[in-house]
Amino acid sequence: MFNSYVEKIKNCIKFTNSFFAEDQEAQKKDYCDKLAKVLELTVNLIKKYDTAKTHKFYFQAESNRSLYVILLMNKEGEAKWQIDSSSNPKSFEESLTTEELVNCCWRNQLNIQNFMTKIFEYLTQMIEKKESYIKQKKNKYNSEINCLNEAIKNLQELVDTDIPEEIRNK
Numbered sequence: 000m001f002n003s004y005v006e007k008i009k010n011c012i013k014f015t016n017s018f019f020a021e022d023q024e025a026q027k028k029d030y031c032d033k034l035a036k037v038l039e040l041t042v043n044l045i046k047k048y049d050t051a052k053t054h055k056f057y058f059q060a061e062s063n064r065s066l067y068v069i070l071l072m073n074k075e076g077e078a079k080w081q082i083d084s085s086s087n088p089k090s091f092e093e094s095l096t097t098e099e100l101v102n103c104c105w106r107n108q109l110n111i112q113n114f115m116t117k118i119f120e121y122l123t124q125m126i127e128k129k130e131s132y133i134k135q136k137k138n139k140y141n142s143e144i145n146c147l148n149e150a151i152k153n154l155q156e157l158v159d160t161d162i163p164e165e166i167r168n169k
């Protein structure tokens, strides 16, 4: 009568045992290595396309808690991190190294998918702003070139127009 329940319970226990049999340290190392690589690449991309300054990644953490992961970059190219419920960064010296941030994320089981989404949203906005600026410059340049071309054409037309000698002498 309870065989199906017993089978379900056994399967759950088997799954749980297999989970705990896995090497937790290896899982932590894999998680930390990959998150560190993502953060390193994020810093490299920002350095490549933007100036040293503060970059904020805002997202909802577990239990609807608002979190900011703040990237601080100094003029020497060093990058440090802060994770806080406030959007106001502390000093560069008080900030975390990438390794410290990664360990903090692991310990607190930060919602990585949400964090990665916010990083990509931020990077997209950053690059789109640059693209918009370049488009404005390009449109301004094209408009000015069109204006100059029209002026050249009109002036050349006037130069090529035959004007009687009497007009010049008057």
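Just so you know, the sequence shown maps onto residues 0 to 169 in numbering that gives the first Met the number 0.
C-beta: ideal position from N, C-alpha, C; glycine also.
### Task
Evaluate VAL42 with the Cβ neighbour count: other Cβ atoms within 10 Å of its Cβ, from every protein chain shown; 16 or more gives buried, anything less gives exposed.
Position 43 of the sequence shown, counted from the start, is the residue given in the question as residue 42. So VAL42 counts as buried.
### Query
LYS89 lies in the beta strand (DSSP E); which residues open and close that run?
Numbered from its first residue, the sequence shown carries residue 89 at position 90. For LYS89, there is no enclosing beta strand (DSSP E), since its DSSP letter is neither H nor E.
### Message
Would you call the segment 99 to 106 in contact with the segment 43 to 57, where contact means no fewer than 3 C-beta pairs closer than 8 Å?
### Response
no
### Query
Whose C-beta lies closer than 7 Å to the C-beta of ILE118 among residues of the same chain, with five residues either side of it excluded?
In the sequence shown, residue 118 corresponds to position 119, counting from 1. Within the same chain, ILE118 has close Cβ partners THR41 and PHE56.
### Query
Which parts of the segment 64 to 129 are runs of the beta strand (DSSP E), unbroken and 3 residues or longer, counting only runs that do not cross its ends?
65 to 72 and 78 to 83
### Query
How many Å lie between VAL37 and SER17 at the Cα?
Position 38 of the sequence shown holds residue 37. Position 18 of the sequence shown holds residue 17. Distance between the alpha carbons of VAL37 and SER17: 29 Å.
#### Entry: Rounded straight-line distance, which links the Cα of LYS46 to that of ILE144
Here the question's residue 144 lines up with position 145 in the sequence shown. Here the question's residue 46 lines up with position 47 in the sequence shown. In a straight line, the C-alpha of ILE144 is about 33 Å away from that of LYS46.
### Message
For ALA35 and LYS28, I'd like the C-alpha separation in whole angstroms.
### Response
To locate residue 35, count along the sequence shown from 1; it is residue 36. To locate residue 28, count along the sequence shown from 1; it is residue 29. For ALA35 and LYS28, the gap between their C-alpha atoms comes out near 10 Å.
### Task
Could you pull out every residue in the same chain whose Cβ sits closer than 6 Å to the Cβ of ILE8, ignoring the five residues on either side in sequence?
Taking the sequence shown and counting its residues from 1, one reaches residue 8 at position 9. Within the same chain, ILE8 has no close Cβ partners at all.
### Query
Using a Cβ-Cβ cut-off of 8 Å (strictly less than) and excluding sequence neighbours within five positions of SER84, which residues of its own chain qualify?
As a position in the sequence shown, residue 84 is number 85, starting the count at 1. These residues qualify, in order along the chain: ARG64, SER65, LEU66 and TYR67.
### Task
For VAL158, count neighbouring Cβ atoms within 10 angstroms of its own Cβ and tell me buried if that reaches 16, exposed if not.
Reading the sequence shown from its first residue, position 159 is the one you call residue 158. So VAL158 ends up on the exposed side.
### Query
Roughly how many angstroms lie between the CA atoms of GLU99 and GLN81, to the nearest whole one?
The sequence position of residue 99 within the sequence shown is 100, counting from 1. The sequence position of residue 81 within the sequence shown is 82, counting from 1. Each residue's CA atom was taken as its position, placing GLU99 and GLN81 some 10 Å apart.
### Query
Using DSSP with H/G/I as helix, E/B as strand and the rest coil, what is THR50?
As a working note, residue 50 is residue 51 in the sequence shown. THR50: coil per DSSP, three-state reduction.
### Task
Compute the Euclidean distance between the alpha carbons of ALA20 and CYS11, then round it to the nearest angstrom.
Here residue 20 corresponds to residue number 21 of the sequence shown, with the count starting at 1. Here residue 11 corresponds to residue number 12 of the sequence shown, with the count starting at 1. Going by the C-alpha atoms only, they are around 14 Å apart.
### Query
Given a threshold of 16 other Cβ atoms within 10 Å of its Cβ, counted over all protein chains shown, does LEU96 qualify as buried or as exposed?
Against the sequence shown, residue 96 aligns to sequence position 97. Checking the sequence shown, residue 96 turns out to be Thr, not Leu. Exposed, because fewer than 16 other Cβ atoms sit within 10 Å of the Cβ of THR96.
### Beta bridge counterpart(s) of TYR57 as assigned by DSSP
Within the sequence shown, residue 57 is the residue found at index 58, counting from 1. Partner(s): TYR67.
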